[in-house]
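Position 6 of the sequence shown, counting from 1, maps to 248 under the numbering used here, and the rest follow consecutively.
Below is one structure, written out as structure tokens; the observations come after it.
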Amino acid sequence: MLAKPLLFLSSYAVLFALLAIRIDQPAARWTMAGLSIAGILSLILILRLNKSQTRAEHTISEVSNAGSEAAAYLAGYLLPFLVVANPTAADWLAYALFLIVALVINVRTGIIQVNPLLFLLGYSIYKVKSTTGATFYIVARGRLLPGEQIRTTSLSDEVRVLRKA
């Protein structure tokens, strides 16, 4: 239930770090740094808790790297470069509204798998079709190949994590 909002927070951890560097106001800088750390910790927590979930077996029929989907997602990362060093209350309201819209889109759509922090931590994201016809994303270290039999745990309805046998 909390996985999607926590994944959203983690997906913006790098953005919050960039904002912490960019903003001159001490309270805002510390808030952004705190949000960045919270995002990193939330991803670590989610991945650790996810290890204990029931594993499902799949045989891959088709696989493609979903990294190209990250390009569109990174447009949101332009925000720190548009931010003024000393934002006004109106600026903060605009930034907050942007994040609220991004949260709603992330939680209600499948783009939750596009998480720059996962890429920075050495994971790849694959779009996979199983031999049963199910299509989902897999977070994995290493390559996935058609015909490969894998075990996964569920991170959300459309995102799974590759687990060792």
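Glycine included, every Cβ here is placed at the ideal spot set by N, Cα and C.
Query	Result
Could you work out which residue in Ala327, Ile380 and Gly384 is closest to Gly364 when comparing CA atoms only?	Gly384
Taking the continuous beta strand (DSSP E) assigned at Thr301, which residues delimit it?	Ala298 to Asn307
Since Asn328 and Ser253 should fall inside the 8 angstroms C-beta cutoff, what is the C-beta to C-beta distance between them, to a whole number of angstroms?	Contact doesn't hold; Cβ gap of about 27 angstroms is too wide.
For Lys246, which three-state DSSP category applies?	helix
What's the call for Arg402, buried or exposed, on a 16-neighbour Cβ count within 10 Å?	buried
Output needed for Leu277: all residues of its chain with C-beta closer than 7 angstroms, excluding positions within five of it in sequence on either side, in chain order.	Phe258
Using a 10 Å radius around the Cβ and a threshold of 16 neighbouring Cβ atoms, would you call Leu404 buried or exposed?	buried
Specify the secondary structure class of Ser398 as computed by DSSP and reduced to three states.	coil
What are the start and end residues of the beta strand (DSSP E) that includes Ser366?	Ser366 to Ser372
Can you grab the Cα-Cα spacing for the pair Thr330 / Tyr337, in whole Å?	11 angstroms
When you compare the CB positions of Ala236 and Tyr379, do they come within less than 7 angstroms of one another, or not?	Since the first residue shown for the chain is 243 and the last is 407, residue 236 is missing from the structure and cannot be characterised.
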